[in-house]
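**Q** Input: one structure, supplied below.
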């Protein structure tokens, strides 16, 4: 028995929030013998429905549970006889623990070996990746438009983002046996300048610092207004930026990409004619 | 007390003598005796023997479960001695899972069973048992470390069982366990 191989196969029915799982103990030995649901009535040889067997698939509150199957190898003839005999045909005995959306062992799931004629599907890492993706907390967008104060027509405006707005983020979703980490990396920022023009930058931009030549353009993300915002609503252009995030995932020896995410932010920017400054 | 001489009755008589042989010697060997039964008389009446042996099988099953749980060993012979059918299936199933999950038990249950019916009346082959089993001192532990598994509620449970004369021996055939606090 010491050399028994364990094959952990997880099945995600619907992904849940939990990262840490409690110990699968929820009853005394008396209670462990109880099969208050159909689980104990799984007859040897019954066609397995791994996707459904014993799993509460209610999706209330936006999440269901999942079951983890462990294959039970090398059951002895006496054990098999007690379980009702080894069913004919292909299949295997599994130890199954099911969890609810909060990671608690479901009360009604018996502590019971089940016979499945088809192996439960392994955890699909791509599905788990979706869960990880939903756990990503992408930063809010903080815009910096420099030099500070009103921008001037025909003078370079430097566009940049707070460093915290442009930083790779990752999140990990775990079910027993499998972890998948999704990583979001910002790839580009599309600036809508409010005057009808757009600027595409492939980085967070460079903040203008005092002492920098006002006539110098941003090295990587800048714009030059050609008209003032005097005629715009409120006397200011609304500058908005949309950051595109490339999301990749890795886990269980696999990996891939997920359709991207975006974050956005906006600020009002007043653009004045330069002569106003000169005269001022 | 069987006066009819049908083959069926004769078989039952043979079966009963097998039961007596099967149950008396273990109890001399220090096994837990039946609880809550009438004390055997030198010439026990059939109902009394039946009840005693059926209850011995009932408590024997739980004690065998407790013993096997210390290993845990789903193949423990005593389980087969006292349980069959669905009852054996459930206990073996639990022990298989315990073994797979690295769980052992310590201690054992305290039972207080009694017979609620025995049929047929003249030569019972099926006995209904009711019990208030107490798991307070029947704990689950991680085998590797001995650590008590927490969140493991224990207490008194109302239990019903059907004990049947099976191949000449009384064995628990089915049982049903109520919630903690149900008795």
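Protein chains in written order, with my numbering: chain R, -2 to 277; chain C, 852 to 1034.
The beta carbon of each residue, even a glycine, is placed where N, CA and C say it ideally should be.
When the Cβ atoms of the region 182 to 191 of chain R are set against those of the region 199 to 214 of chain R, are three or more pairs found closer than 8 Å?
**A** Short answer: they touch.
**Q** Given that residue 1025(C) touches chain R, what residues does it touch there, using C-beta distances under 7 Å?
**A** Neighbours of residue 1025(C) on chain R: none; closest Cβ ~11 Å, over 7 Å.
**Q** Going straight from the alpha carbon of residue 151(R) to that of residue 219(R), what length do you get?
**A** Each residue's alpha carbon lies about 12 Å from the other.
**Q** Going by Cα to Cα distance, which pick from 215(R), 153(R), 255(R), 248(R) is closest to residue 221(R)?
**A** That would be 153(R), whose Cα lies nearest to the Cα of residue 221(R).
**Q** Going along the chain, which unbroken runs of the beta strand (DSSP E) with 3 or more residues stay wholly within the region 109 to 166 of chain R?
**A** DSSP runs (the beta strand (DSSP E)) wholly in the region 109 to 166 of chain R: 110 to 113, 140 to 143, 153 to 158.
**Q** Please say whether residue 1023(C) and residue 1036(C) have beta carbons closer to each other than 8 Å?
**A** Absent from the model: residue 1036(C). The displayed extent of chain C is 852 to 1034, so no value can be given.
**Q** Rounding to the nearest angstrom, what Cα-Cα distance links residue 243(R) and residue 176(R) in this structure?
**A** Between residue 243(R) and residue 176(R), the C-alpha separation is close to 20 Å.
**Q** Any beta carbon from chain C within less than 8 Å of residue 113(R)'s own beta carbon?
**A** No, residue 113(R) does not count as interfacial toward chain C.
**Q** From the DSSP secondary-structure annotation, give me the bridge partner or partners of residue 243(R).
**A** Answer is 182(R), bridged to residue 243(R).
**Q** What are the complete beta strand (DSSP E) segments, minimum 3 residues, inside the region 210 to 239 of chain R?
**A** If we require 3 residues or more, the beta strand (DSSP E) runs fully inside the region 210 to 239 of chain R come out as 219 to 221.
**Q** Just grab the DSSP bridge partners of residue 1026(C) for me.
**A** Paired residue(s): 1012(C).
**Q** Kindly give me the distance between the Cβ atoms of residue 191(R) and residue 266(R), rounded to whole angstroms, as I take these residues to be in contact under 8 Å.
**A** The Cβ separation is near 7 Å, so the contact holds.
**Q** Chain R partners of residue 944(C), CB-CB under 7 Å?
**A** Result: 80, 109, 110.
**Q** Along the alpha helix (DSSP H) that carries residue 829(C), what are the first and last residues, could you check?
**A** Because residue 829(C) is not part of the residues shown, which for chain C are 852 to 1034, the question remains open.
**Q** Between the Cα of residue 248(R) and those of 111(R), 146(R), 78(R), 129(R), spot the shortest distance and give me the residue it belongs to.
**A** Looking at the Cα atoms, 129(R) is the closest of the given residues.
**Q** As a quick exercise: from 231(R), 227(R), 111(R), 262(R), pick the residue whose alpha carbon is nearest that of residue 269(R).
**A** The candidate whose alpha carbon is nearest that of residue 269(R) is 227(R).
**Q** Rounded to the nearest angstrom, how far is the Cβ of residue 262(R) from that of residue 139(R), given a contact under 8 Å?
**A** So it is a contact: roughly 7 Å between Cβ atoms.
**Q** Hey, how far is the Cα of residue 969(C) from the Cα of residue 977(C)?
**A** Roughly 6 Å separates the two Cα atoms.
**Q** What does residue 26(R) reach in chain C if we use C-beta pairs closer than 8 Å?
**A** Residues of chain C passing the Cβ test: 916, 917, 920, 945, 956, 960, 986, 989, 991.
**Q** I'd like to know if residue 31(R) contacts chain C, where contact means its C-beta is closer than 8 Å to some C-beta of that chain.
**A** Chain C, which has a Cβ nearer than 8 Å to the Cβ of residue 31(R), makes this yes.
**Q** Would you mind sorting residue 110(R) into buried or exposed? The rule is 16 or more other CB atoms within 10 Å of its CB.
**A** Buried: at least 16 other Cβ atoms inside 10 Å.
**Q** State yes or no: is the C-beta of residue 923(C) within less than 8 Å of the C-beta of residue 966(C)?
**A** Cβ distance not < 8 Å, so residue 923(C) and residue 966(C) don't count as in contact.
**Q** Going along the chain, which residues of its own chain have a beta-carbon closer than 6 Å to the beta-carbon of residue 163(R), five neighbours each way excluded?
**A** Excluding sequence neighbours, residue 163(R) sits near 183, 201.
**Q** Comparing C-alpha positions only, which one of 959(C), 925(C), 974(C) sits nearest to residue 984(C)?
**A** Closest by alpha carbon: 959(C).
**Q** Flag residue 180(R) as yes when its Cβ comes closer than 7 Å to any non-hydrogen atom of the ligand SAM, and as no otherwise.
**A** No copy of the ligand SAM occurs in the structure displayed, which carries no ligand at all.
**Q** Would you call residue 900(C) buried or exposed, if buried means 16 or more other Cβ atoms sit within 10 Å of its Cβ?
**A** With 16 or more Cβ atoms within 10 Å of its Cβ, residue 900(C) is classed as buried.
**Q** Considering only their Cβ atoms, is the gap separating residue 155(R) from residue 237(R) smaller than 8 Å?
**A** It is not a contact, given that the beta carbons lie outside the stated cut-off.
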